[in-house]
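Engineer: First the structure, then my questions, so here it is.
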Amino acid sequence: MDREGKRQLVTSLNRTFSEAGVVVVTRNAGLDAAAIHELRSKLRAAGASFKVAKNRLAQRALDGTSYKALGGLFKGPTGFASSKDPVAAAKAAVEFAKKNDKLQILGGALGQTSLDVNGVKALAELPSRDELRARLIGVIQAPAQKLASVIQAPAGKLARVFGAQGAKPA
Numbered sequence: 074m075d076r077e078g079k080r081q082l083v084t085s086l087n088r089t090f091s092e093a094g095v096v097v098v099t100r101n102a103g104l105d106a107a108a109i110h111e112l113r114s115k116l117r118a119a120g121a122s123f124k125v126a127k128n129r130l131a132q133r134a135l136d137g138t139s140y141k142a143l144g145g146l147f148k149g150p151t152g153f154a155s156s157k158d159p160v161a162a163a164k165a166a167v168e169f170a171k172k173n174d175k176l177q178i179l180g181g182a183l184g185q186t187s188l189d190v191n192g193v194k195a196l197a198e199l200p201s202r203d204e205l206r207a208r209l210i211g212v213i214q215a216p217a218q219k220l221a222s223v224i225q226a227p228a229g230k231l232a233r234v235f236g237a238q239g240a241k242p243a
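Heads up, the sequence shown is in my numbering, so the first residue is 74 and it goes up one at a time.
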């Protein structure tokens, strides 16, 4: 790769780091192409991405971002998962690592907060943004549904009483 290609790659990686809500650094020694393809597919389905880059270029791309502290994790065969959703990349990467022991979570960062392996795993256990939205909508809808059923109940009872009275033989 020539200098211009490297410069473009560093710029692209820097943009990825700048736009990310979370970054998870992984060691992917021993993963074959099919496993990396499966990992990328699972991350893409979760709204995240997985990239492998030369460590030196990834470290240069971290400059000027809030993820500068991750530079020390880029040693050996590494890759990183990132997403705008603060939970998606961590959740998908940890889930894949549970099924495939060749992928190791090294650490990560949530904004300027650095996370160790346990921190990434704890982050993965949190509900995603969409799950939180669904729960919030459920909480908001519950009182309205209860109110509708309470208002509807007396009319239903009255209709059943009239129906019973009408069904009695005269």
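Built from N, CA and C at the ideal position, the CB exists for glycine as well.
Helix, strand or coil: which one does DSSP assign to V97?
Structural biologist: The answer is strand: DSSP assigns V97 an E or B state.
Engineer: What residues are listed by DSSP as bridge partners for T60?
Structural biologist: Given that the chain is displayed from residue 74 to residue 243, the structure contains no residue 60 and the question cannot be resolved.
Engineer: Write down the C-beta distance between T99 and L176 rounded to the nearest angstrom, noting that I regard them as a contact closer than 8 Å.
Structural biologist: The pair is a contact, with the Cβ atoms about 6 Å apart (cut-off 8 Å).
Engineer: Mapping DSSP to helix, strand and coil, what is Q177?
Structural biologist: Strand at Q177.
Engineer: Is it buried or exposed for I178, if we count other Cβ within 10 angstroms and need 16 for buried?
Structural biologist: With 16 or more other Cβ atoms within 10 Å, it is buried.
Engineer: Any contact of the stretch 196-203 with the stretch 152-168, i.e. 3+ C-beta pairs under 8 Å?
Structural biologist: With a cut-off of 8 Å, the stretch 152-168 and the stretch 196-203 count as touching, because enough Cβ pairs lie within range.
Engineer: Taking 6 Å as the limit between beta carbons, can you name the residues of its chain near R202, skipping five residues before and five after?
Structural biologist: The answer, listed in chain order, is D158.
Engineer: Mind pulling the beta strand (DSSP E) runs of 3 or more residues that sit fully within the stretch 76-135?
Structural biologist: Correct list: 95-100, 121-124.
Engineer: Considering only residues of the stretch 187-217, which uninterrupted alpha helix (DSSP H) runs meet the minimum length of 4 residues and lie entirely inside it, listed in chain order?
Structural biologist: With a minimum length of 4 residues, the continuous alpha helix (DSSP H) runs that stay inside the stretch 187-217 are 190-198.
Engineer: For G152, is the classification buried or exposed, using 16 other Cβ atoms within 10 angstroms of its Cβ as the cut-off for buried?
Structural biologist: That one is buried.
Engineer: Since S139 and Q185 should fall inside the 8 Å C-beta cutoff, what is the C-beta to C-beta distance between them, to a whole number of angstroms?
Structural biologist: The Cβ separation is near 5 Å, so the contact holds.
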